[in-house]
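Take a look at the structure set out below.
Residue numbers (the UniProt record's numbering): 1 to 539.
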């Protein structure tokens with residue numbers, strides 16, 4: 001039987017849901033799990049084509065819906081360096097997901113192969129994993145059916161965090177090269193992180209225990225496994241794991257996890273942490289993290305992605321100076337327009353580092369960060385990482401220290417290039433980075449919070465007739481259309497102290513999101529309401 005007939009036969013077992021339009025977005029395909037069987041099957045075809053188009057390089061497929069409710073699931077593809085799928089192939093995935101019949105799907109498969117001059121006899125390798133959702137094993141079977149039908153080489157890594165799969169893809173594709181990233185196994189991941197953490201800590205000890213809320217997701221068992229590789233808690237870092245119940249899939253992300261903490265501005269109800277205790281929350285697939293604590297007056301304080309970026313950037317700037325590399329390495333921070341203005345001011349004025357602003361979406365931040373020798377990027381939601389360029393890594397490795405202090409700083413920098421996941425935002429890696437910085441500075445969460453004071457801000461959702469009328473430029477900070485809307489927003493901003501506001505169309509619904517910040521809570525609220533009224537007037 002030809003491979004095309006095998007695909008036809010296998011596809012017939014996974015018919016598309018009626019009346020559903022599929023779109024590959026920033027997070028891949030993500031929706032209710034019961035309408036995803038055909039999509040995951042077809043992503044298997046796309047992954048095999050992508051692998052063959054690159055001469056057989058390994059492509060990853062992750063089945064997860066991150067911070068979404070337990071009934072949802074999703075699927076996304078991972079490119080050879082562990083980065084997200086390139087945009088042109090996102091369009092191919094969308095096209096194939098929406099094929100109405102099995103025959104149309106096979107014709108599309110042939111057309112994509114022809115368009116990209118893909119030799120379908122080229123050996124191909126696809127690796128995949130899933131999070132702990134109940135639907136994961138069923139969807140993994142759909143994926144496997146597609147890979148078998150198109151005669152791909154297959155490795156099923158079962159249950160992993162999203163960043164672990166990205167790590168493994170990068171390791172497989174760089175093995176035996178100058179860019180070799182590590183051992184392409186789950187064990188290799190733990191060994192790399194733990195070894196780098198020990199070197200970066202330089203025998204420092206964290207102050208007090210860290211309580212980690214794992215969102216009742218895959219991060220729970222994987223963090224417990226990582227802890228086995230870390231130094232004993234009385235010598236380095238004492239981690240208390242909570243919300244790690246993966247035996248009840250319905251508890252995933254329910255009143256816990258990074259998204260819950262960020263949106264509700266409070267600790268999970270299950271938290272037993274006391275005043276000033278350091279806490280953090282992962283999301284459902286462990287690629288996002290936020291920190292927080294409650295002060296002695298019982299007031300909750302969030303230390304989000306903006307603050308993680310500021311903390312990391314400050315530490316890296318210190319190390320570059322202490323190592324004698326400050327004039328050689330350019331460090332920069334990449335943010336979106338949603339980053340609090342106080343964090344931008346702190347990085348530019350106090351740290352004297354460059355800040356770049358990009359449209360919302362990790363792929364934009366990641367790409368912009370590669371323009372620096374050391375690029376720090378985090379979204380406010382806690383997704384981010386630090387990227388070291390080849391130039392930076394080579395200089396850190398080869399720089400001759402002129403004193404023991406320079407030697408120490410270079411060794412810590414070298415360790416950080418290994419500790420920080422270069423492929424993608426990784427909650428476990430980012431958590432260890434934060435703990436290294438706090439240990440070296442001798443800080444608790446209060447001192448970290450004190451590096452700058454957030455400007456009061458407000459986010460408002462405005463329902464409009466047609467979101468496509470609202471077109472923005474300048475990293476989504478200024479409206480080009482409707483005509484007259486932006487000058488009206490500018491006038492409103494001028495009337496408040498330290499004012500800033502922008503309006504951007506939602507990517508998923510007919511609504512516009514308005515962000516406003518100002519010196520006081522009253523001014524921020526007033527500005528948000530005025531800009532929302534302007535949007536309503538034009539929409």
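The C-beta atom is built at its ideal place from N, Cα and C for all residues, glycine as well.
Element boundaries [alpha helix (DSSP H), containing residue i]
i, result
"residue 120", "Residue 120 -> no alpha helix (DSSP H), and no H or E assigned at all."
"residue 201", "186-201"
"residue 296", "Element bounds for residue 296: n/a, residue is neither H nor E."
"residue 608", "For residue 608 there is no data in the structure shown, the boundaries of the chain being 1 and 539."
"residue 24", "Element bounds for residue 24: n/a, residue is neither H nor E."
"residue 8", "3-11"
"residue 265", "Premise fails: residue 265 is in no alpha helix (DSSP H) and is neither H nor E."
"residue 142", "136-149"
"residue 102", "102-115"
"residue 182", "Residue 182 -> no alpha helix (DSSP H), and no H or E assigned at all."
"residue 96", "87-97"
"residue 226", "219-229"
Beta bridge counterpart(s) of residue i as assigned by DSSP
i, result
"residue 534", "Bridge partners of residue 534: none, in fact."
"residue 58", "125"
"residue 405", "None; residue 405 has no bridge partner."
"residue 31", "73"
"residue 239", "210"
"residue 290", "281"
"residue 130", "63 and 159"
"residue 301", "293"
Cβ pair residue i, residue j closer than 7 Å
i, j, result
"residue 236", "residue 258", "no"
"residue 131", "residue 218", "yes"
"residue 146", "residue 41", "yes"
"residue 182", "residue 176", "no"
"residue 331", "residue 374", "yes"
"residue 501", "residue 531", "yes"
"residue 459", "residue 342", "no"
"residue 450", "residue 378", "no"
"residue 424", "residue 163", "yes"
"residue 410", "residue 200", "no"
"residue 365", "residue 358", "yes"
"residue 243", "residue 213", "yes"
"residue 241", "residue 252", "no"
"residue 133", "residue 249", "yes"
"residue 323", "residue 419", "no"
Assumed close pair residue i, residue j - CB separation to whole angstroms, cut-off 8 Å
i, j, result
"residue 206", "residue 439", "5 Å"
"residue 380", "residue 346", "Rounded, the Cβ-Cβ distance is 15 Å, inconsistent with contact."
"residue 462", "residue 539", "7 Å"
"residue 284", "residue 66", "5 Å"
"residue 8", "residue 47", "That belief does not hold up - the Cβ atoms of residue 8 and residue 47 are roughly 18 Å apart, past 8 Å."
"residue 208", "residue 278", "6 Å"
"residue 395", "residue 325", "6 Å"
"residue 311", "residue 434", "7 Å"
"residue 28", "residue 75", "5 Å"
"residue 71", "residue 44", "At roughly 23 Å, the Cβ-Cβ gap does not stay under 8 Å, so residue 71 and residue 44 are not in contact."
Extent of the continuous beta strand (DSSP E) to which residue i belongs
i, result
"residue 77", "72-78"
"residue 279", "278-282"
"residue 211", "210-213"
"residue 331", "331-336"
"residue 38", "That residue, residue 38, is in no beta strand (DSSP E); its alpha helix (DSSP H) goes 37-53."
"residue 157", "153-159"
"residue 500", "500-505"
"residue 515", "511-517"
heavy atom of the ligand ATP below 6 Å from residue i C-beta
i, result
"residue 224", "The model on display carries no ligand, and the ligand ATP is accordingly not part of it."
Closer than 7 Å to chain B by CB, residue i
i, result
"residue 245", "Chain labels in this structure do not include chain B; a single protein chain is all it has."
Residue ranges of each beta strand (DSSP E) within the segment 439-498, 3 or longer: 457-463, 471-473 and 478-481
Within the UniProt domain "Phosphoacetylglucosamine mutase AMG1" (304-443), ranges of the beta strand (DSSP E) (whole runs, at least 3 residues): 331-336, 354-358, 374-378 and 384-388
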